[in-house]
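Novice:
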Amino acid sequence: MSEYIRVAEEEDEEPMEVPSEEDGTLLLSTLAAQFPGACGLKYRNPDTGTMRGIRLSDGRLYPPDGDWENRIYVAVFPRSHTENRKKGDQSEGEQIPVVTTIKKRTDRQKCSDLIVLGLPWKSTEDDLKKYFSQFGELLMVQVKKDPKTGQSKGFGFIRFGDYESQIKCMSQRHNIDGRWCDVRIPNSREGAQQMMNRKVFVGRCTEDMTAEELRFYFNKFGEVVDVFIPKPFRAFAFVTFADPDVAQGLCGEDHIIKGASVHISSAAPKSYDRQNDRKGSMAQGQPGDIHKPMVKVPGVRVGDALVTPM
DNA sequence: GTTGAGCGTT
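Start counting at 1 in the first sequence, then tack on 929, and there's your number in this note's numbering.
(1) In chain order, which alpha helix (DSSP H) runs of at least 4 residues are fully inside the segment 1097-1143?
(2) Taking the alpha carbon of residue 973 as the point to measure from, which residue in 1099, 990, 964 and 985 has its own alpha carbon closest?
(3) Quick one: give me the first and last residue of the alpha helix (DSSP H) that residue 1057 is part of.
(4) Please return the same chain residues whose Cβ sits closer than 6 angstroms to the Cβ of residue 991, not counting the five positions on each side in sequence.
(5) Nearest CA to the CA of residue 951: which residue from 1066, 934, 1118 and 961?
(6) Just how far apart, CA to CA, sit residue 1043 and residue 1070?
(7) Compute the beta-carbon to beta-carbon distance between residue 1133 and residue 1171, rounded to the nearest angstrom, for a pair I have assumed lies under 8 angstroms.
(8) Evaluate residue 1085 with the Cβ neighbour count: other Cβ atoms within 10 Å of its Cβ, from every protein chain shown; 16 or more gives buried, anything less gives exposed.
(9) Report the residue from 931, 1140, 943 and 1180 whose alpha carbon sits nearest the alpha carbon of residue 1119.
(10) What does residue 930 pair with, by DSSP beta-bridge criteria?
(11) By how many angstroms is the C-alpha of residue 1175 removed from the C-alpha of residue 1150?
(12) Where do the ends of the beta strand (DSSP E) carrying residue 1041 lie?
(13) Does the segment 992-1006 touch the segment 962-979, meaning 3 or more C-beta pairs lie closer than 8 angstroms?
(14) Quick one: residues in its chain with C-beta nearer than 6 angstroms to the C-beta of residue 997, no 5 flanking neighbours on either side, listed in chain order?
(15) Looking at the structure shown, is residue 942 part of a helix, part of a strand, or coil, going by DSSP?
(16) Note down the Cα distance separating residue 1079 from residue 1056, rounded to an integer number of angstroms.
(17) Does the beta-carbon of residue 1181, which I'm using as the reference point, lie nearer than 7 angstroms to any heavy atom of the ligand MN?
(18) For the alpha helix (DSSP H) that contains residue 1179, what are its first and last residues?
(19) Assuming residue 1080 is part of the beta strand (DSSP E), what are its boundary residues?
(20) DSSP puts residue 1169 in a beta bridge; with which residues?
(21) Does residue 1190 pass the burial test, meaning 16 or more other C-beta atoms within 10 Å, or should it be called exposed?
(22) Leaving out five residues on either side along the sequence, give the residues of the same chain with a beta carbon under 7 angstroms from the beta carbon of residue 932.
(23) Measure the beta-carbon distance from residue 1105 to residue 1062 and round it to whole angstroms, keeping in mind my assumption that it falls under 8 angstroms.
(24) Where does the unbroken beta strand (DSSP E) through residue 1190 begin, and where does it stop?
(25) Have a look at residue 1111 and residue 993 and give me their C-alpha separation to the nearest angstrom.
See below:
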């Protein structure tokens, strides 16, 4: 029968549900419609900890042992495809735009609270702690209860100390005291994350940069949906893209706009750790620095900066 | 003392 199968682009990413066919197989074309370039599917076998490939025949992907179960699958891409997604591939004459930069590891490897849905009414925080400890160190366990009666609401929250545990835990369903429970990323955080991921902080802006000019410049990398420049002038701006990957890819880079070197970083609120978007050397300017004069050469890298004329 | 998709008193 037809069902929805959860597939993620990479193991540590949010899955997307793709529909299977009536006979239970998943069409490669269906997969590729959501994951362009995908050539297969794999999943992590909880028993061995290794990735397991899914059988592909005549354009159809077959459920392992006849059942997709509730696993999260990972799309597989051809080698060349993944290589092109990596940065700095300039071996082939033409310049690959910086947009292809994939550098998601930084803020996606941080643990987040996870919601546990479908708990038995009788399950306590101790029960959860015992059960989920098998995946790794737990930093927090909560069962949400009615404050008056103390009765469980049937869901709770957990947090792991390390990201691998979180991934392992989220990649399967859980049977707790005879009930099937789901562990997911809470909606609240998902939404916040989505918004944050789409927005970048552009530091060292100069006063002569207009919102229109920034929009025009950044549109080269992907659809810009918003540009915010605080008034009065504060030497920074926020640029929001339609595609979070575009925003992520630009983070940590320096770009030359109207002759000035601006620094792009994640649009995290102040006091948020913003050191992991710095690349390699510390030889980068800070907001307030004098802008080093740079030669404008179309589409060429000067040091760590991409120099592009407007 | 009942329930079964959802989203967190601080």
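Glycine residues also receive a C-beta, built at the ideal position from the N, C-alpha and C atoms. Bear in mind the structure is a predicted one, so any value in this text is a computation, not a measurement.
Specialist: For this structure:
(1) 1116-1127
(2) Working through the first sequence from its first residue, we reach residue 973 at position 44. In terms of CA proximity to residue 973, 1099 leads the group 1099, 990, 964 and 985.
(3) By one-based count along the first sequence, residue 1057 stands at place 128. Taken as a continuous stretch (DSSP letters only), the alpha helix (DSSP H) holding residue 1057 covers 1054-1061.
(4) Reading the first sequence from its first residue, position 62 is the one you call residue 991. Around residue 991: 954 and 984.
(5) Position 22 of the first sequence, counting from 1, holds the residue named residue 951. Per the C-alpha coordinates, the member of 1066, 934, 1118 and 961 positioned closest to residue 951 is 934.
(6) Locating residue 1043 in the first sequence gives position 114, counting from the first residue. Locating residue 1070 in the first sequence gives position 141, counting from the first residue. So the two alpha carbons sit approximately 10 angstroms from each other.
(7) Mapped onto the first sequence, residue 1133 falls at position 204. Mapped onto the first sequence, residue 1171 falls at position 242. Their Cβ separation, rounded to whole angstroms, is 25 angstroms, which puts residue 1133 and residue 1171 out of contact at 8 angstroms.
(8) Stepping through the first sequence from its first residue, residue 1085 is reached at position 156. Buried, because 16 or more other Cβ atoms sit within 10 Å of the Cβ of residue 1085.
(9) Here residue 1119 corresponds to residue number 190 of the first sequence, with the count starting at 1. Out of 931, 1140, 943 and 1180, 943 has the C-alpha closest to the C-alpha of residue 1119.
(10) In the first sequence, counting from the first residue as 1, residue 930 sits at position 1. Note: residue 930 sits in no beta bridge, so no partner.
(11) Locating residue 1150 in the first sequence gives position 221, counting from the first residue. Locating residue 1175 in the first sequence gives position 246, counting from the first residue. Using only the alpha carbons, I get a separation of about 7 angstroms.
(12) Position 112 of the first sequence, counted from the start, is the residue given in the question as residue 1041. Unbroken run through residue 1041: none, as it is neither H nor E.
(13) As far as the Cβ criterion goes, the segment 962-979 touches the segment 992-1006, which means the pair count is three or higher.
(14) Position 68 of the first sequence, counted from the start, is the residue given in the question as residue 997. Excluding sequence neighbours, residue 997 sits near 934.
(15) Position 13 of the first sequence, counting from 1, holds the residue named residue 942. Reduced to three states, the DSSP call for residue 942 is coil.
(16) On the first sequence, position 150 is the one that residue 1079 refers to. On the first sequence, position 127 is the one that residue 1056 refers to. Roughly 16 angstroms between the two C-alpha positions.
(17) As presented, the structure is devoid of all ligands, the ligand MN included, so that no description of it is given.
(18) On the first sequence, position 250 is the one that residue 1179 refers to. First-last of the alpha helix (DSSP H) with residue 1179: 1173-1179.
(19) Looking up residue 1080 in the first sequence gives position 151. First-last for residue 1080: undefined, no H or E at that position.
(20) On the first sequence, position 240 is the one that residue 1169 refers to. Answer is 1128 and 1155, bridged to residue 1169.
(21) Numbered from its first residue, the first sequence carries residue 1190 at position 261. Per the 10 Å Cβ criterion, buried.
(22) Stepping through the first sequence from its first residue, residue 932 is reached at position 3. Only 949 and 997 meet the Cβ criterion.
(23) On the first sequence, position 176 is the one that residue 1105 refers to. On the first sequence, position 133 is the one that residue 1062 refers to. Their Cβ separation, rounded to whole angstroms, is 13 angstroms, which puts residue 1105 and residue 1062 out of contact at 8 angstroms.
(24) Start at 1 with the first residue of the first sequence, and residue 1190 comes out as number 261. Looking at the DSSP string, the run of the beta strand (DSSP E) that includes residue 1190 is 1189-1195.
(25) Counting from one through the first sequence, the residue named residue 1111 turns up at place 182. Counting from one through the first sequence, the residue named residue 993 turns up at place 64. Looking at the two C-alpha atoms, the distance is approximately 21 angstroms.
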